[in-house]
Every structure is written in C-alpha cells, then in structure tokens.
Amino acid sequence: MSTDTRTITVGIDGSRSSLDAADWAAREAQRRRLPLRLLHAGTEPAVPGGVFDIDDIDDIDVPAGRTRAALDRAAIELSYAHPALDIIARRTATPAVPALLAAAVEAETLVLGSRGRTGSAGFPVGSVALGVAARADRPVVLVRAGELPEDERVPVVDGSPPSTAPYLPVVLGLDPDASADDLIGYAFDTAAVRSAPLHVVHPWTLPTSTLRPWRHRYPGTTVREHRVDGDPGPRLLEASARAGLLVVGRRAGRDPGRAARSLIRHADCPVAVVPHD
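First residue of the sequence shown: 1, per this note's numbering; consecutive thereafter.
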C-alpha cells in the first residue's frame, strides 16, 4: 500500500485511555493529512506466547455493549472536532492482538492507549498494547490516559490559545551501532509535520554521517544532539518531561529491550516504538 493511502489507526476498547488515544490519533491524522481509522477488535486479550515476560501486565474488561457505544461516540465526537478529517470506524470479531497487527500493515502509525500514572510504578500498559508494540510492522504510539492537546505544546504564559503555541520537541533515542533508517526517518518526519525541533539522545559518539542525509532532507528541522556517556535511559526519561513525543526503536523480529519497556512505562509523554533493521 502506498504511503498516501495509509491511515492513522487507533484501537478503541471503551476505556478512557483508548478515547484519549483516539483524540491524539485524530490530531496526528490531521497533521499528516491522512484518514483516521477507529478499530474495535474482539475482547480476547491473549498475547502470542513468548512476546513478553512481565508478570504485572493486566487488562481492563470492558463490556461489549459499552465498547460499541464508545466506538460510535468517538467517531461522532471526532467528526465534530475535526470536520475536515476522513474518519472510518470499523469493528471486527477477531481477537485484539491479531486484529491490530493486521491493521498496522495498512497504517502509517498505529495508536494505542495506556492508563494513567500510578505512582512510582509508572503507566500500566496492558498485554494487548505491549504485544502489538512488540510485533507490529509499523510504528506504534502508546498514549497515556489523560493526555491533552496542550500537553504536546510549549506552555502558554501570555493568555494565548494553547493551539497557537509551538510544539514541544520530538526526542529520539538512538543507538549508534544500529542501522536504523526507519527509526531516524520517522523521528525527522514527525518533527517536520509539527514544525518542532528534534532532540537526538545517543550514547557515546554518533558518526556525523548518521544524521547528515536526514539533515539535508529536512533542512527546516532544528536538530540538537545530546551525547550521554553510558546508559541513555535516564536522560531520555528526563527529556520526556519536556517533549511532545519520545521515539524509541525496536529491531524487527525482536521484542523491545528492557530500556525501551522502562521508557514505555515511565515516560511523561506519548512513546512511539518504531521497528527497524
């Protein structure tokens, strides 16, 4: 499928977090000038064996009727909020993980909700969201419950409407040893559609050739590099408090590593998990 026919797809399960994720997805679709697909899949949360070994994953049991009503309500509310947006609402009886993975193939980005912060434990992320983020062929953005449009923009201090404020930076965590064109390209493209700066956090020294072609391709994007001696995780977590989106990578065919999983749970902004070679 060509890029201009892709969608921004969001999973709707009736939970507050999925509805907030739908709001985020609608804004992203509008920024990228793509259709928005709302998808309600079957309620079976089973994750293929071996995807994650995390004991404290749980899921919310939402009655089917409530979920159907939530899908309809989300489609109506988003159509009023974004009248120029092409919105498609779909239901399938297929279990959630395989349905979302199939939908991701046709998506520019797949968006899923995670729940609100619960103290030092971070943001609980259900098995469906983690399972999909671990296996999808396309970028998966995990959006916390309670995420608001103004959270992705610079705080307003002069009384201006929040929607007129500049976007906060996109933060990219980059491993210099990885061949990660898909990851880097996604981060640059996301920053460009927001007219936001891109902050690249990497351990040790990053060869100048790594970002040079992307700087030329996106000359209007301000890029700042932040070198970290050692584990970049704490720096990325700190940066997420002042970011509109945190972008991390996952090698294709592999689960997100421990550092990525920690960022998914603890970051203060939405997290994009991008598969790459």
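Quick reminder that beta carbons are idealized off the backbone N, C-alpha and C, glycines included. Model, not experiment: these values are computed from the prediction.
- Bounds of the beta strand (DSSP E) holding His276 are 271–276.
- Straight-line measurement puts the Cα of Asp229 at about 15 angstroms from the Cα of Pro207.
- In the three-state reduction of the DSSP assignment, Thr210 falls in the helix class, which pools H, G and I.
- Minimum Cα-Cα distance from Leu168 among the listed residues Leu183, Glu152, Asp158 corresponds to Glu152.
- About 15 angstroms separates the CB atoms of His216 and Val200; that is not less than 8 angstroms, and the two are not in contact.
- Sixteen is the threshold: since fewer than 16 other Cβ atoms of the shown chains lie within 10 Å of the Cβ of Glu150, the residue is exposed.
- Nearest Cα to Thr92 within the set Pro234, Ala196, Ile12, Ile8: Ile12.
- Val105 counts as exposed, since fewer than 16 other beta carbons sit within 10 angstroms of its beta carbon.
- For Arg261, same chain residues with a beta-carbon under 6 angstroms away, outside a window of 5 residues either side, do not exist.
- Residue state for Arg153 is assigned as strand, using DSSP reduced to three classes.
- Taking all protein chains in view, the Cβ of Thr164 is surrounded by fewer than 16 other Cβ atoms within 10 Å, so the residue is classified as exposed.
- Within the same chain, and ignoring the five residues on either side of His276 in sequence, the residues whose Cβ sits closer than 6 angstroms to its Cβ are Ala180, Asp182, Leu183, Gly249.
- CA-CA distance, Leu36 to Val10, rounds to 8 angstroms.
- Ala22 is not a Cβ neighbour of Thr94, given a cutoff of 8 angstroms.
- Put simply, the region 125–134 does not touch the region 76–89. Fewer than three CB pairs are less than 8 angstroms apart.
- A Cβ-Cβ separation of about 14 angstroms leaves Leu237 out of contact with Pro270 under the 8 angstroms criterion.
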